[in-house]
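*Asks:* Once you've had a glance at the structure underneath, I'll fire off some questions.
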Amino acid sequence: MAIIRSKEIRGKKMKAREASMIDLKRELAKLNSQKASGRIPENSGKIREIRRTVARILTINKEEVTSK
1 MAIIRSKEIR
11 GKKMKAREAS
21 MIDLKRELAK
31 LNSQKASGRI
41 PENSGKIREI
51 RRTVARILTI
61 NKEEVTSK
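The sequence shown begins at 1 in this note's numbering and counts up by one.
See below:
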C-alpha cells in the first residue's frame, strides 16, 4: 500500500480510514517478521513510513472524535 498523506486521509470517511489502517498494520507485521528473521527487507525505510502513516490516521481519527 502506498504512503497516504494527511490531506488524503482527511478526505476519506472513518470506515475507509480504518480499512487502510488494517492493511497498513498487516504490511507492517509482515515487514517486521522479515526483519526479525534476519532477511533484509527490500526497502528498509518502508517500515518507518508505514508506522508514521498509521500514526497519522490515528491522530486524525482522534481529532475528529474530540471535535464533535
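Glycine included, each C-beta is placed from N, C-alpha and C at the ideal position.
Nearest by alpha-carbon distance to Arg17: which of Asn32, Glu64 and Ile57 is it?
*Replies:* In the sequence shown, counting from the first residue as 1, residue 17 sits at position 17. Per the C-alpha coordinates, the member of Asn32, Glu64 and Ile57 positioned closest to Arg17 is Ile57.
*Asks:* Measuring CB atoms only, is the stretch 44 to 58 touching the stretch 3 to 17, in the sense that at least three cross pairs come out at less than 8 Å?
*Replies:* Here the stretch 44 to 58 makes contact with the stretch 3 to 17; the two share three or more CB pairs at distances below 8 Å.
*Asks:* In angstroms, rounded to a whole number, what distance separates the CA positions of Arg52 and Lys68?
*Replies:* Start at 1 with the first residue of the sequence shown, and residue 52 comes out as number 52. Start at 1 with the first residue of the sequence shown, and residue 68 comes out as number 68. Cα-Cα distance, rounded: 25 Å.
*Asks:* Pick out whichever of Arg10, Ala2 and Arg5 has its Cα sitting closest to the Cα of Lys62.
*Replies:* Counted from its first residue, the sequence shown places residue 62 at position 62. Its Cα nearest to that of Lys62, the residue Arg10 stands out among Arg10, Ala2 and Arg5.
*Asks:* In angstroms, rounded to a whole number, what distance separates the CA positions of Leu28 and Ile47?
*Replies:* For the purposes of this step, residue 28 is taken as residue 28 along the sequence shown, with counting starting at 1. For the purposes of this step, residue 47 is taken as residue 47 along the sequence shown, with counting starting at 1. Taking the straight line from one Cα to the other gives about 6 Å.
*Asks:* State the start and end residues of the unbroken alpha helix (DSSP H) segment that holds Asn61.
*Replies:* Residue 61 sits at position 61 when you count from the first residue of the sequence shown. It spans Gly45 to Ser67 - the alpha helix (DSSP H) in which Asn61 sits, taken as one unbroken run.
*Asks:* Compute the Euclidean distance between the alpha carbons of Glu8 and Ala2, then round it to the nearest angstrom.
*Replies:* Here residue 8 is taken as the residue at index 8 of the sequence shown, counted from 1. Here residue 2 is taken as the residue at index 2 of the sequence shown, counted from 1. Answer to the nearest angstrom: the Cα atoms are 11 Å apart.
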